[in-house]
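Protein chains in written order, with the numbering used here: chain A, 1 to 356; chain B, 357 to 719.
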């Protein structure tokens, strides 16, 4: 039965891609940070934080972006909004007012325009809110900056936003210190949603929260998505959370995207050895003994001095000679399933096991 | 339970923080038993008192916190000679934090691994120097011998090139390697009890899996007990033999790992287990979306003293007139499965206590 539904959802994705272009399309995005040395700040190398990443996000869906710390997932999220300027690459966004635009080339005024529709929420609810601003100032800031509302209108809109995220509008005059982590995350969400955007980059929105509060915020994100037709890029490292909320998932390793597929397919039949190791490492709330884990040996490669060929080859269990010299390409091996591995077609990898 | 199967027992421990805003009852009557060679998991949300319980055990409660009441008995016997059991009981709560006797236990027989490996090490001294310090402090060995031991312990936590790592500084190591070095430091004196306070929370999943495997292997090798503190139920499922669930300074449920996951009794435990996304469930739904079950409200602020059961404002099975008035006592529902909830107390025990708890509520 599951087999059937799964093919259906796969067909849907396929259909969607043919009928309408994705809301967001990233083409060979790169972000290199220079390493400077000495008095004259001589550039001696580059940290390749994001290195030739391409993917798309369809309207109304949630794309999960996972990977280890330092793999470039946050940098990717920030480059999409041009919060930091990418070194090269294209970020095509379907803006309701301006049409299809390449965000990475926009100048200040247009950028303000496009950021009405693409916004961001952050990981740390303590660091991302200014402690000297009231909720009215915080949530109202984007409205004022974008000239969307004035005077009393701002107040009305802020009240509406607070109600939407489950906070009482009477709290408008209070400061962030009066709120708990979960409530602060709601404030951040209200600020992001104030200009009525289409697309949200959620950068680890629940990883700083307690289990019971995490569930509340995840539910809120899903409710708002249905209500407002939002599209999410959900950056996180907790794979159970990502599986729960995403339609599709993309996996990054040392600045490269190694695999992208529907959640179901990626978790049950991964095609990249790194994804397989990730799946095996997920701590599962089930004390029944499991099969032996795949434990990766060695350390994550250094993005300033990555290994030759496939970046994953020094830790890969299935390494062959070609992996050490030639970099594999990011290819679509079945409809909607992209993978960057020389041996993707021949390997038979296992996904999350012990399924009930 | 006879004493020779106990390594440490905590009885009615109360650790309070007296602050200008009021008294925070971080640990409010906790009973726990740690058995040699076994892993006791402690789960709970932030602020439930799990870390303070561990710090009380080490006599490391930060000021202005104070152990107000209760007993912590530590059985100092070498657990390899099972014949001599009760010979050497130390009552940790009676020792001064900076006394010679306490310092001989701390870091030697009971040691601790913290969440943030960078904060647990001094950035200006080499990894080896810091491990050697612990060894020379507790054992009569020469410097050269201490260095050999440091290298040995570093290789036992599976750090490659231990003889090179011994001379590196903490910042030169990655997060996972640093946590291995911290574990090596904690194990350098062959402790009987290792307290691990969220040791993998700052690490990535693949590194986390490595560290968890390492800790399980080392537990066998060193035959030590582990007190494992975390908020992650997935990690607990893999590590613990027994689990205590804490909420607002109290243990609300304690049982073996299988009963906790398959037969949770306390409404808080049940709600916690339901509020985490389950992979099996996600996969079985095949793309269909679902909402998670949540616990309504949030953890009350730490200064508040709630009458009755502290979970009652959030509890789905709340009983008016009982849960909000009478503090529930511990009930042993099944052998070794205890719970603190009125759903399992006899109705008779609920009423007479009401009079004196009502007095408490006026505070």
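No residue lacks a Cβ here, since even glycine has one placed at the ideal position from N, Cα and C. Keep in mind it's a predicted model, so treat the numbers as computed, not measured.
Closer than 8 Å, CB to CB, is residue i near chain B or not?
i: residue 322(A); result: no
i: residue 312(A); result: no
i: residue 187(A); result: no
i: residue 88(A); result: no
i: residue 357(A); result: Lying outside 1 to 356, the shown extent of chain A, residue 357(A) is not represented and no answer is given.
i: residue 243(A); result: yes
i: residue 296(A); result: yes
i: residue 352(A); result: yes
i: residue 77(A); result: no
i: residue 287(A); result: yes
i: residue 184(A); result: no
i: residue 176(A); result: no
i: residue 124(A); result: no
Taking 8 Å as the CB-CB limit, is residue i close to chain A?
i: residue 537(B); result: no
i: residue 519(B); result: no
i: residue 634(B); result: yes
i: residue 440(B); result: With a pLDDT of only 48 at residue 440(B), under 50, the local geometry of the prediction cannot be trusted, and no value is derived from it.
i: residue 375(B); result: no
i: residue 629(B); result: yes
i: residue 676(B); result: no
i: residue 639(B); result: yes
i: residue 405(B); result: no
Expressed to the nearest angstrom, what Euclidean distance is found between the alpha-carbon atoms of residue i and residue j?
i: residue 311(A); j: residue 304(A); result: 12 Å
i: residue 243(A); j: residue 587(B); result: 20 Å
i: residue 338(A); j: residue 260(A); result: 5 Å
i: residue 320(A); j: residue 280(A); result: 22 Å
i: residue 508(B); j: residue 515(B); result: 10 Å
i: residue 531(B); j: residue 270(A); result: 27 Å
i: residue 190(A); j: residue 90(A); result: 29 Å
i: residue 518(B); j: residue 483(B); result: 10 Å
i: residue 423(B); j: residue 176(A); result: 33 Å
i: residue 44(A); j: residue 648(B); result: 49 Å
i: residue 3(A); j: residue 641(B); result: Here the model assigns residue 3(A) a pLDDT of 42, short of 50, so the residue's position is not dependable, and the following value carries that caveat. About 11 Å.
i: residue 664(B); j: residue 635(B); result: 36 Å
i: residue 660(B); j: residue 670(B); result: 15 Å
i: residue 200(A); j: residue 185(A); result: 14 Å
i: residue 143(A); j: residue 204(A); result: 25 Å
i: residue 557(B); j: residue 666(B); result: 27 Å
i: residue 84(A); j: residue 78(A); result: 6 Å
i: residue 606(B); j: residue 238(A); result: 28 Å
i: residue 114(A); j: residue 22(A); result: 16 Å
i: residue 387(A); j: residue 72(A); result: Here chain A covers residues 1 to 356 and nothing more, so residue 387(A) does not appear.
i: residue 20(A); j: residue 638(B); result: 28 Å
Can you tell which of the options has its C-alpha closest to the C-alpha of residue i?
i: residue 458(B); options: 428(B), 525(B) and 391(B); result: 428(B)
i: residue 265(A); options: 129(A), 211(A) and 349(A); result: 349(A)
i: residue 540(B); options: 631(B), 698(B), 371(B) and 505(B); result: 505(B)
i: residue 75(A); options: 275(A), 59(A), 233(A) and 328(A); result: 233(A)
i: residue 571(B); options: 603(B), 600(B), 538(B) and 601(B); result: 538(B)
i: residue 278(A); options: 471(B), 605(B), 563(B) and 476(B); result: 563(B)
i: residue 471(B); options: 606(B), 407(B), 621(B) and 694(B); result: 407(B)
i: residue 173(A); options: 135(A), 152(A) and 187(A); result: 135(A)
i: residue 275(A); options: 65(A), 32(A) and 52(A); result: 65(A)
i: residue 629(B); options: 432(B), 387(B) and 591(B); result: 591(B)
i: residue 158(A); options: 62(A), 193(A) and 129(A); result: 193(A)
i: residue 388(B); options: 455(B), 600(B), 415(B) and 569(B); result: 600(B)
Would residue i be called buried (16 or more neighbouring beta carbons within 10 Å of its own) or exposed?
i: residue 644(B); result: exposed
i: residue 450(B); result: exposed
i: residue 284(A); result: buried
i: residue 401(B); result: buried
i: residue 365(A); result: In this structure chain A extends from 1 to 356, so residue 365(A) is not present and cannot be described.
i: residue 375(B); result: exposed
i: residue 329(A); result: exposed
i: residue 619(B); result: exposed
i: residue 373(B); result: buried
i: residue 565(B); result: buried
Interfacial residues, the segment 652–668 of chain B to chain A, with Cβ spacing under 7 Å: Cβ proximity to chain A below 7 Å picks out 654 from the segment 652–668 of chain B.
Short-range partners of chain B found in the segment 263–280 of chain A, where Cβ spacing is below 8 Å: Result list: 263, 264, 267, 268, 277, 278 and 280.
Interface residues of the segment 212–223 of chain A facing chain B [CB-CB below 7 Å]: Listed in sequence order: 212, 213, 215, 216, 218, 219 and 222.
Selection of the segment 29–48 of chain A by Cβ proximity to chain B, strictly under 7 Å: Those residues of the segment 29–48 of chain A placed with their C-beta closer than 7 Å to a C-beta in chain B do not exist.
Where the segment 552–571 of chain B meets chain A: residues whose CB sits under 8 Å from a CB there: Result list: 560, 561, 562, 563, 564, 565, 566, 568 and 569.
Near-chain A residues of the segment 581–603 of chain B (beta-carbon distance less than 7 Å), N- to C-terminal order: Of all residues in the segment 581–603 of chain B, 587, 588, 589, 590, 591, 593 and 594 have a Cβ within less than 7 Å of some Cβ in chain A.
Short-range partners of chain A found in the segment 606–620 of chain B, where Cβ spacing is below 7 Å: Near chain A, meaning a CB-to-CB distance below 7 Å, the residues of the segment 606–620 of chain B are 613, 614 and 617.
Residues of the segment 143–170 of chain A whose Cβ lies closer than 9 Å to any Cβ of chain B, in chain order: For the segment 143–170 of chain A, which is checked against every Cβ of chain B, not one residue is closer than 9 Å.
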